Amino acid sequence: MNLPVIIKFVIDLLAVLLLALGIKGLSKVKSARDANRLAAFAMSLSVVGLLSYYLGTSGIAIQSWIWIIIGSIIGSLFGAILAKKVPMTSMPETVALFNGCGGMSSLLVALGVAIFPISSGQENFDFFKSLINEVSISVSIFVGAITFTGSIVAMAKLQGWLSTPGWTQSKVRHFVNIVFAVASLIAFFDLINGNTNSIWLLVIVSSLLGIGVTLPIGGADMPVVISLLNSYSGIAAAAAGFVVDSQLLIVAGAMVGAAGLILTQVMCKGMNRSLVSVLFGGSLSAQSTASSGSGEYTNITSCSVEECALTLEAANKVIIVPGYGLAVAQAQHTLREVTKKLEQNGIEVVYAIHPVAGRMPGHMNVLLAEADVPYEQLKEMDVVNPDFPATDVVLVLGANDVVNPQAKNDSSSPLYGMPVLDVQEARTVFVIKRGMSAGYSGIKNDLFDLPNTSMVFGDAKKVLNDLIGELKDLGVGEK
Amino acid sequence: MSFVSLLWVLLLGSLLGLELIGKVPPTLHTPLMSGANAISGITMLAALTLIVKAEGNVPLLIIGSISLGFALFNVVGGFFVTDRMLAMFSRKPSNKN
């Protein structure tokens, strides 16, 4: 072994170790931020290791340098700008976009190697000579394409650019996807057999499969899908590792792939959904139209902001239930001002965080943390549920399905079995909502009909601003 | 490296990944996903290899460069965005105004 090989070996080993520590650290609140930086450092280290290895052995041509610099500057620049600019509310679709691009990268590497076999005396680079290379190229293209199109569809759906087409809710979609899957398999084996032309068939059909599988999935389940696609992009990276014969790539890819699977499992558990029903069950709203879940509201009480303020002033304990609507209205800072006033008046305020509040597990925590809400005031569902009977006022802000008592009482409801917050147990419930439209699931919310529930109609931010004004008039929080 | 030893690497890497994450608080689901996602951009190494080995083959250089761009978009963006999210958790009550 010569020196460059030894150096690269040591650097690779170190990088794997640091990446593993990084992933581990990311799963604990205390160490998460440092762990993320550690992983970023390990990634840069791996680039240095690779480049120094080539400099020490074959050398790197000027032309190669130019293309390396062009690619890295453009990619990094766009990545950094997007990461800085994107609002916290659109985090899920941003992660989906980044993930899709990772898949695209693996796809392109495999494609490049397949179309332009490199003829040289370099060791290990007689591509398409061995079965292994053909298999790994095919896998890399297949998984890379699914990751890319799947992630882009997920992003477009979360952004609201794409809705769920009707036909995708019928059984037809299974047939269509099976056709795509079979066609991919045929192209796959044809490619391994040495028919280079079928590479394009593989690219097209696996891209279509990615679209076909993701399109029917409803918005509420999207986080699980993104997490699963994230795991796929790890697998694609590992496959690309086989293509270019890099152990580091294989280890890191496999690690992310496996860790992503576990995370997907954890998320499913939090949402009381099984992975199978997320992937093949279609969206919840489609099921609800068939069941008895829908119906008319009979007993809606609406009230003014002033009444709401008066009730809040008299309360001892208030629980805030933030949801997606709060995120959309960007009202987390205004909410914080309201709760500050209440706290100054000696009122106990906690935030009840449903596992899927917002648009992604943990998303609501991020948004509230952004508004300076103390970490200790955020309570998870299981912790806060026993507290509702002893609570004077519950403020539901843009949450809907997660406070629907149907999930507990109505076994015919599609929501039945989903863990929900028992807000109806509280003395008074205020639901701040723009109108009577249904939530993600498209199901009627029985909570709104209950006698202790009052609706305050309006945009969350505007209502909260009015509430601040009313509280001021009442002298709340002025000491 | 022989194919068999690469398979060993794959197996051990997967096992390591399965063990790394046990209990994750829901708070960290999004940042963890985003951080792991940034790491999956490690394909940038494959793109780099492609460019270095292209030996003047211009189409291959271009494909490699685009691939590198996509990968770095994923890596740089992913780590930055994760850091932004995590920065909000680590904010101490003491430096609040």
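Chains A and B, in that order, are what the protein sequence lines are.
Going by my numbering, the residue at position 220 of the first sequence is 220; the numbering climbs one at a time, nothing skipped.
Going by my numbering, the residue at position 41 of the second sequence is 41; the numbering climbs one at a time, nothing skipped.
Every residue gets a Cβ at the ideal spot worked out from N, C-alpha and C, and that includes glycine.
It should be emphasised that the depicted structure is a prediction, and the values quoted were computed from it without experimental measurement.
Query                                                                                                   : Result
Assigned exposure category for A/L158 - 16 Cβ within 10 Å defines buried                                : buried
Rounded C-alpha distance that separates A/V48 from A/A238                                               : 20 Å
Cβ-based burial, A/K8 [other Cβ within 10 Å; buried from 16]                                            : buried
Beta-carbon proximity of A/I432 to A/V463, cut-off 7 Å                                                  : yes
CB contact check: B/V9 to chain A, cutoff 7 Å                                                           : yes
Among A/T196, A/I204 and A/G150, nearest to A/V179 - alpha-carbon criterion                             : A/I204
Beta-carbon neighbours of A/H174, restricted to chain B and to distances below 7 Å                      : Here the premise fails: no neighbours, minimum Cβ distance about 28 Å.
Where the segment 257-270 of chain A meets chain B: residues whose CB sits under 8 Å from a CB there    : G257, A258, A259, G260, L261, I262, L263, V266, M267 and G270
Under 7 Å between C-beta atoms of A/I60 and A/Y53                                                       : no
Cross-chain neighbours of A/E370 in chain B, by beta carbon under 8 Å                                   : M88
Neighbouring residues, chain B, relative to A/M436 (Cβ below 7 Å)                                       : Near A/M436 there are no residues of chain B at all, since even the closest Cβ is about 30 Å away, more than 7 Å.
Test: B/S2 CB closer than 7 Å to a CB of chain A                                                        : no
Span separating the alpha-carbon of A/L310 from that of A/L162                                          : 42 Å
Residue environment, A/I73, which counts as buried when at least 16 other CB atoms sit within 10 Å      : exposed
Within 7 Å, strictly: CB atoms of A/W399 and A/G323                                                     : The amino acid at residue 399 of chain A is misidentified as Trp; the sequence shows Ala. In this structure, A/G323 lies closer than 7 Å to A/A399 by Cβ.
Contacting residues, own chain, Cβ-Cβ under 8 Å from A/V456 (five flanking each side not counted)       : S302, C303, S304, V305, C308, F430, V431, I432, K433 and V463
Contacts that A/Q159 makes with chain B (C-beta to C-beta distance below 8 Å)                           : What A/Q159 touches in chain B: nothing, since even the nearest Cβ is about 16 Å away.
Cβ pair count under 8 Å reaching 3, the segment 323-338 of chain A against the segment 50-59 of chain B : no
Pair within 7 Å by beta-carbon distance, B/V75 and B/G35                                                : no
Nearest candidate by alpha-carbon position, reference A/A183, set A/T196, A/S207, A/G25 and A/S274      : A/S207
Sub-7 Å separation of A/I250 and A/G241 beta-carbons                                                    : yes
Residue of A/V244, A/G477 and A/R427 minimising C-alpha distance to A/N345                              : A/G477
Cβ-based burial, A/S120 [other Cβ within 10 Å; buried from 16]                                          : Reliability fails at A/S120, whose pLDDT of 44 lies under 50, so the model's placement of it is uncertain and the value that follows must be treated cautiously. By the 10 Å Cβ count, A/S120 comes out exposed.
Residues bridged to A/I500 (per DSSP)                                                                   : This structure gives no information on residue 500 of chain A, because the portion of chain A shown stretches from 1 to 479.
Proximity of A/M88 and A/E337 at Cβ, strictly below 7 Å                                                 : no
As assigned by DSSP and simplified to three states, the class of A/E93                                  : helix
Per-residue burial, A/K472 [other beta carbons within 10 Å of its own, 16 or more giving buried]        : exposed
Neighbour list for A/M91 in chain B, Cβ cutoff strictly below 8 Å                                       : T30, S34, V81 and M85
Short CB-CB distance (under 7 Å) between A/W200 and chain B                                             : no
Exposure label - A/W65; buried when at least 16 CB within 10 Å                                          : exposed
Coil, strand or helix - A/E376 by DSSP                                                                  : helix
Interface residues of chain B facing A/Q377 [CB-CB closer than 7 Å]                                     : The premise fails here: A/Q377 is roughly 11 Å from chain B at the closest Cβ pair, so nothing lies under 7 Å.
Continuous alpha helix (DSSP H) stretch holding A/I62: start and end                                    : I62 to K85
Start-to-end residues for the alpha helix (DSSP H) that takes in B/K53                                  : M44 to K53
Cβ-based neighbour list, A/V243, same chain, cut-off 6 Å, excluding 5 preceding and 5 following         : A110, V113, S136, I137 and S140
Contact list for the segment 302-327 of chain A against chain B, Cβ threshold 8 Å                       : none
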